[in-house]
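Quick note: the sequence shown uses UniProt numbering, first residue 1, plus one each step. This report concerns only the one structure given below.
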Amino acid sequence: MTLCSVFNCNERSEKQSSSGVHFHVFPCRSKSPTRFRSWVNYCKRKNFNPGNGARICSKHFKSEDYNQSDLLRQQLMPNIKVKVKLNTNAVPTVPQNKPCSTSNSSNLSEREKRKRKKEKKEIISSIMTSTPKKLKPSFRSFENSECKSSDVDDDDDVEGGNLVAITNESFVAGKQNEISIQCELGSEVLKSHHDLSLNLSLDEFSTSEDESFEVYDEDIEVLQTGKNAIRKSKEIENDSCYIVFWESLSILFTRCHYCNAKVENIHNYTKGAMLAVQTICENRHIFKWTSQPLSDKRLVGNILMGAALTLSGVLFNQMKTFCSSLKLAFFSRTVYDKIINNYTAPAVKLIWDQHRQNNINELKMGTNIWLAGDGQFHSPGFCAKYCTYSVMDVRSSKIIDFKITQKGMVQGDLEKIACELLLQELEKNDECNINVFLTDRHKGIRCYIRTHHPNIEHEFDVWHLSKSLTKRLKTLEKNHHSAFMWKTSIINHLWWSAQTCDGNGTVLVEKFTSVLYHISNIHQWNDNEQIKKCEHDPLTDEEIKNKLWIQ
1 MTLCSVFNCN ERSEKQSSSG VHFHVFPCRS KSPTRFRSWV NYCKRKNFNP GNGARICSKH
61 FKSEDYNQSD LLRQQLMPNI KVKVKLNTNA VPTVPQNKPC STSNSSNLSE REKRKRKKEK
121 KEIISSIMTS TPKKLKPSFR SFENSECKSS DVDDDDDVEG GNLVAITNES FVAGKQNEIS
181 IQCELGSEVL KSHHDLSLNL SLDEFSTSED ESFEVYDEDI EVLQTGKNAI RKSKEIENDS
241 CYIVFWESLS ILFTRCHYCN AKVENIHNYT KGAMLAVQTI CENRHIFKWT SQPLSDKRLV
301 GNILMGAALT LSGVLFNQMK TFCSSLKLAF FSRTVYDKII NNYTAPAVKL IWDQHRQNNI
361 NELKMGTNIW LAGDGQFHSP GFCAKYCTYS VMDVRSSKII DFKITQKGMV QGDLEKIACE
421 LLLQELEKND ECNINVFLTD RHKGIRCYIR THHPNIEHEF DVWHLSKSLT KRLKTLEKNH
481 HSAFMWKTSI INHLWWSAQT CDGNGTVLVE KFTSVLYHIS NIHQWNDNEQ IKKCEHDPLT
541 DEEIKNKLWI Q
């Protein structure tokens, strides 16, 4: 265990991780005798000769004594442990506090607890036994004050121009104080009362981040009063959000919201991105406020921020670094994972199930079902672990369904197995009679559809075919550069041949192979059965001269 060598300093190495206190070794006596003597004199210990284990904690040094680069790195990278070093000429200069007895402080706290407990008993007994006397109404105006009402329904609108004085009695520490409130009321007669609870225990203000999207304090409520009361939004997702600095926000908590008295004690804590404030005034009125609305004891703001983070595609580590740099309160990764598992993922799955069922219902209402499928691996090459196979409606271009397969959970080709699972689910569970299914030229899928689904017409996607043809044409660049220059024209000709063949395979082949005659400046031939000439207009002499024909 390392102790601070300074007289009257009780810092230990056990508290280093929680309090952020560091311990520094004494400078070398032979290399820096003056600096060593300054450190020894600062300890104020008689006949003190520091040994190899002597240390002075960081509480006795100013921020200017540390390496500014290390301090900047510590602020910008709070999640990374940065070793902050002292400057070469740093000496402890922070004034030392006067010695104080720890037993006195503990006794003080115990006396304060007993005093408050006694006050609470006196207040309860006075409320149960005393009879309020009739008091004369007095008029006093409190601007922007908020009161808890017991006899007024939430649906009553407070309107009108009449001024009615309402007087009640508040019992504090066995004494009766006159409290008067001026409000703008209609014809109703309202009775207001103050929260007389003096339970000053702050155990409910837990700082655990693992539960930062939950609050089990049923006393927190939104207070409204006056003609221009701000009502709670029924749609939380449409409510506006702002970034507020504590220096600006703390001004609103200098006065009691019940009696306008001066606030004696203010306590605040954060749960994730939520700020909660509790104030206690001179008359022992307790006021509680939270920066986020609650829904079934859940902090809506934390949940919405976690959902927005997931749906926007922003990485959690990037958002955490941004908030740390700005000193903006934010929840931990554990809370973020809980928000995904408990809220975001179930909501996304519910919407997807509804969207999928609607698309399938629209698909079955049509005469023919034409689908196109393709697989996507999470990484290129043969080391991919996941494969996502999606099926799209050719007419509406909507994704009908998808499957994810993982290596190790299934045996065989991932893309083929995902395609099999999709076709089985669509035909058996959803009762879809698929007429045409377009895929790439995957050998396993071709064999599966031919043997297990002979009623489905299997066709190849032109996009995959053109992509494969483009790769093969790139090999002509070195040895056959003149043929490589026709690459774009050959790909476009493939698309045109597929669009104009009217589903005839023979016409498709003859139209596509006719490009070999065209690039050789031959526009009529007799080799084919149906296609025997080019369908473009006759070329001019200038066009023939400018083309790079193949000999």
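All residues carry an ideal CB built from backbone N, CA and C; glycine is no exception. Note that the structure is a prediction, hence the values are computed from the model and not measured.
Classify E11 as buried or exposed, calling it buried when 16 or more other Cβ atoms lie within 10 Å of its own Cβ. Here residue 11 refers to the residue found at position 11 of the sequence shown. When all chains shown are included, E11 counts as buried.
Report the residue ranges of all alpha helix (DSSP H) runs contained in full by the region 266 to 313; include only those spanning at least 4 residues, in chain order. With a minimum length of 4 residues, the continuous alpha helix (DSSP H) runs that stay inside the region 266 to 313 are 300 to 312.
What residues match up with I399 in a beta bridge as DSSP calls it? Looking up residue 399 in the sequence shown gives position 399. Paired residues: M392.
Quick one: measure Cβ to Cβ for L371 and V335, integer angstroms, because I've assumed they're closer than 8 Å. As a position in the sequence shown, residue 371 is number 371, starting the count at 1. As a position in the sequence shown, residue 335 is number 335, starting the count at 1. Not confirmed; about 41 Å, so no contact.
Quick one: Cα of C256 to Cα of T290, how far? Looking up residue 256 in the sequence shown gives position 256. Looking up residue 290 in the sequence shown gives position 290. Answer to the nearest angstrom: the Cα atoms are 16 Å apart.
Proximity of K44 and N67 at Cβ, strictly below 8 Å: Your numbering for residue 44 matches position 44 in the sequence shown. Your numbering for residue 67 matches position 67 in the sequence shown. The answer is no: Cβ separation not under 8 Å.
Tell me the DSSP bridge mates of A372? Locating residue 372 in the sequence shown gives position 372, counting from the first residue. Note: A372 sits in a beta bridge opposite M392 and L438.
Pairing CB atoms from the region 398 to 406 with CB atoms from the region 351 to 370, are three or more of them under 8 Å? Result yes; three or more Cβ-Cβ pairs closer than 8 Å.
Buried or exposed for K227, going by 16 or more other Cβ atoms inside 10 Å? Sequence index remark: in the sequence shown, residue 227 carries index 227 (1-based). Note on K227: pLDDT 38, under 50, position unreliable in the model; no value is reported.
Give every residue of the same chain whose Cβ lies closer than 6 Å to the Cβ of I519, excluding the five residues on either side of it in the sequence, and list them in chain order. To locate residue 519, count along the sequence shown from 1; it is residue 519. Contacts found: W486 and I550.
Bounding residues of the alpha helix (DSSP H) (the contiguous stretch that carries F512): Counting from 1 along the sequence shown, the entry for residue 512 is found at position 512. F512: member of the alpha helix (DSSP H) spanning G505 to T513, first to last residue.
Can the beta-carbon of N265 be found less than 8 Å from the beta-carbon of L275? Reading the sequence shown from its first residue, position 265 is the one you call residue 265. Reading the sequence shown from its first residue, position 275 is the one you call residue 275. Taking 8 Å as the Cβ cut-off, N265 and L275 do not qualify as a contacting pair.
Can you list, in chain order, the residues of its chain whose CB lies under 8 Å from that of A307, leaving out five sequence neighbours each side? Taking the sequence shown and counting its residues from 1, one reaches residue 307 at position 307. By the criterion of a C-beta distance shorter than 8 Å, A307 is surrounded in its chain by I339, Y343, T344 and A347, once the five residues flanking it on both sides are discounted.
To the nearest angstrom, report how far apart V507 and N433 are at their CA atoms. As a working mapping, residue 507 is identified with position 507 in the sequence shown. As a working mapping, residue 433 is identified with position 433 in the sequence shown. Cα to Cα, the separation comes out at about 29 Å.
Extent of the continuous beta strand (DSSP E) run through I56: In the sequence shown, residue 56 corresponds to position 56, counting from 1. Membership of I56 in the beta strand (DSSP E) is indicated by the continuous run R55 to C57.
Between which two residues does the beta strand (DSSP E) holding E457 run? Start at 1 with the first residue of the sequence shown, and residue 457 comes out as number 457. Under the DSSP assignment, E457 falls in the beta strand (DSSP E) whose first and last residues are E457 to F460.
CB of T254 within 8 Å of CB of V244, strictly: Start at 1 with the first residue of the sequence shown, and residue 254 comes out as number 254. Start at 1 with the first residue of the sequence shown, and residue 244 comes out as number 244. Not closer than 8 Å, so no.
Would you tell me roughly how many angstroms separate the C-alpha atoms of N455 and S379, rounded to the nearest one? Looking up residue 455 in the sequence shown gives position 455. Looking up residue 379 in the sequence shown gives position 379. For N455 and S379, the distance between alpha carbons rounds to 34 Å.
Of all the options D70, V94, K31 and N89, which has the alpha carbon lying nearest to the alpha carbon of C57? On the sequence shown, residue 57 is found 57 positions in, with the first residue counted as 1. Comparing Cα-Cα distances from C57 to each of D70, V94, K31 and N89, the minimum goes to V94.
Between W246 and the ligand NAD, is the CB less than 7 Å from at least one heavy atom? By its list of ligands, the structure shown contains no ligand whatsoever, and the ligand NAD lies outside what it can speak to.
Can you tell me whether DSSP reads F322 as helix, strand or coil? By 1-based counting over the sequence shown, the position of residue 322 is 322. Helix.
Identify whether F23 lies in helix, strand or coil by the three-state DSSP scheme. Reading the sequence shown from its first residue, position 23 is the one you call residue 23. Three-state DSSP puts F23 in a strand.
Would you call E178 buried or exposed, if buried means 16 or more other Cβ atoms sit within 10 Å of its Cβ? For the purposes of this step, residue 178 is taken as residue 178 along the sequence shown, with counting starting at 1. Annotation note: pLDDT 46 at E178 (below 50); position unreliable, no value reported.
Are the beta-carbon atoms of residue 563 and F460 separated by less than 8 Å? Here the chain covers residues 1 to 551 and nothing more, so residue 563 does not appear.
State the Cα-Cα distance for the pair residue 556 and N79, rounded to the nearest angstrom. A query on residue 556 cannot be resolved here, the shown segment of the chain reaching from 1 to 551 and no further.
By DSSP, does Y258 sit in helix, in strand, or in coil? By 1-based counting over the sequence shown, the position of residue 258 is 258. Residue state for Y258 is assigned as coil, using DSSP reduced to three classes.
Rank W525, T34 and M1 by C-alpha distance to the C-alpha of F23 and give the top, closest one. Along the sequence shown, one-based indexing puts residue 23 at 23. With distances taken between Cα atoms, F23 lies closest to M1.
Enumerate in chain order the residues of its own chain whose CB-to-CB distance from K364 is below 7 Å, with the five nearest sequence positions on each side excluded. On the sequence shown, residue 364 is found 364 positions in, with the first residue counted as 1. The beta carbon of K364 is closer than 7 Å to those of C432 in its chain, skipping five residues each way along the sequence.
Bridge partners for V410 per DSSP, in chain order? Here residue 410 is taken as the residue at index 410 of the sequence shown, counted from 1. DSSP output for V410 lists K407 as bridge partner(s).
DSSP has R12 in a bridge; who is on the other side? Locating residue 12 in the sequence shown gives position 12, counting from the first residue. Bridge partners of R12: L3.
How many Å lie between N492 and A384 at the Cα? For the purposes of this step, residue 492 is taken as residue 492 along the sequence shown, with counting starting at 1. For the purposes of this step, residue 384 is taken as residue 384 along the sequence shown, with counting starting at 1. About 32 Å.
How close, in whole Å, do the beta carbons of V6 and Y42 come, if the pair is a contact with beta carbons under 8 Å? Within the sequence shown, residue 6 is the residue found at index 6, counting from 1. Within the sequence shown, residue 42 is the residue found at index 42, counting from 1. Beta-carbon to beta-carbon, V6 and Y42 are separated by about 7 Å, close enough to satisfy the 8 Å threshold.
Between the CA atoms of R37 and K117 - distance to the nearest angstrom: Stepping through the sequence shown from its first residue, residue 117 is reached at position 117. Stepping through the sequence shown from its first residue, residue 37 is reached at position 37. The straight-line gap from Cα to Cα measures roughly 52 Å.
Proximity to E282 [Cα-Cα], best of N260, N302 and K271: For this step, residue 282 is matched to residue 282 along the sequence shown. Closest by alpha carbon: N260.
Considering only DSSP beta bridges, list what F316 is partnered with. Sequence index remark: in the sequence shown, residue 316 carries index 316 (1-based). Listed as beta-bridge partners of F316 by DSSP are no residues whatsoever.
Reducing DSSP to helix, strand and coil, say where C383 ends up. Taking the first residue of the sequence shown as 1, we reach residue 383 at position 383. Taken through DSSP and simplified to helix, strand or coil, C383 comes out as coil.
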